[in-house]
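Chemist: The sequence shown runs 35 to 249 under the numbering used here.
Before anything else, here's the structure in question.
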Amino acid sequence: MSTLNLQSASLNSCTAAKFPLPPHDHIEIIESQPFDYSKRAQWLRAAVLGANDGLVSTASLMMGVGAVKPDVKAMILTGFAGLVAGACSMAIGEFVSVYSQLDIERAHIKRNQHQLKQEEPHNLPNPLQAAAASALAFSMGAMVPLLAAAFIKEYRVRLGAVVAAVTVALVGFGWLGATLGNAPAVRSSARVLIGGWVAMAVTFGLTKLIGSSGL
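Right under this line is the structure:
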């Protein structure tokens, strides 16, 4: 029995000599951590919300003009003007907002020399990138009602096509924002859809009322 114990101890010592275990402090333990969805907040706001703003504002403008002028050219020109003006406004607003945030973060870094050594350049916000993303997203959203009304001459059919296209896009934007932000998809889509419907209905109704009053 003692001979077996000696052989086992000898075998273990040989195995340890040939295949030494790494020190305890060099062993890395990989733990699964949940994804931080807050890191997506800035570009998510500039992209999804920008596209939703372009969709709702341009569609509301076109519906408002369509309430008093059945001409397709008037609706398209109004929608195009809203696209250009809205994209420029969104880009300028996003640029100013993100640049202000950048100035605040730079001032904080200068006041804290220890943080300056640890701060990575790519962690700072990019105003130009945010402005371009916001303008592009707004333009993409505004193209939906423009394309829906561009090739339809019949007045009522054109209004219905705009409402239908905007409805589908609103649901899509709401679902996309909820998916990327890890939020309830149904509730988010319903909230975006109802908001868009209300904006188009109010614009259409008030413009129709003012136009029919002869002002």
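We put the beta carbon where it would ideally sit given N, CA and C, even for glycine.
What would DSSP say about LYS187, mapped onto helix, strand or coil?
Modeler: Residue state, collapsed to three classes: coil.
Chemist: Distance check for GLN135 and VAL220, CA to CA, integer angstroms please.
Modeler: 33 Å
Chemist: Using a threshold of 8 Å, state whether the C-beta atoms of THR238 and VAL226 are closer than that.
Modeler: In the sequence on display, residue 238 carries Phe and not Thr. Not closer than 8 Å, so no.
Chemist: Pull up the distance between the alpha-carbon of PHE185 and that of ALA199, whole angstroms please.
Modeler: 13 Å
Chemist: Alpha carbon to alpha carbon, how far is LYS103 from ILE138?
Modeler: Rounded to the nearest angstrom, the two C-alpha atoms are 48 Å apart.
Chemist: Consult DSSP for ALA199 and reduce its assignment to one of helix, strand or coil.
Modeler: Secondary structure at ALA199: helix, using DSSP grouped into helix, strand and coil.
Chemist: Just curious, the alpha helix (DSSP H) that GLY215 is in, first and last residue?
Modeler: Taken as a continuous stretch (DSSP letters only), GLY215 belongs to no alpha helix (DSSP H), as it is neither H nor E.
Chemist: Out of curiosity, what's the CA-to-CA distance linking SER91 and VAL106?
Modeler: Straight across, the Cα-Cα distance linking SER91 with VAL106 is about 18 Å.
Chemist: Go through its chain and collect everything with a Cβ distance to ALA121's Cβ below 6 Å, but skip five positions before and after it.
Modeler: ALA169, PHE172, SER173
Chemist: Looking only at C-alpha atoms, which of ILE244, GLY116, ALA166, VAL99 sits nearest to VAL178?
Modeler: Comparing Cα-Cα distances from VAL178 to each of ILE244, GLY116, ALA166, VAL99, the minimum goes to GLY116.
Chemist: Which whole-angstrom value is the C-beta distance of GLY245 and VAL82, which I expect to be below 8 Å?
Modeler: Not a contact, Cβ separation roughly 34 Å.
Chemist: Which residues in the same chain have their Cβ closer than 6 Å to the Cβ of ARG192, if we skip the five residues on either side of it in sequence?
Modeler: ALA183, ILE186
Chemist: Which value, in whole angstroms, describes the spacing of the CA atoms of SER247 and VAL202?
Modeler: 33 Å
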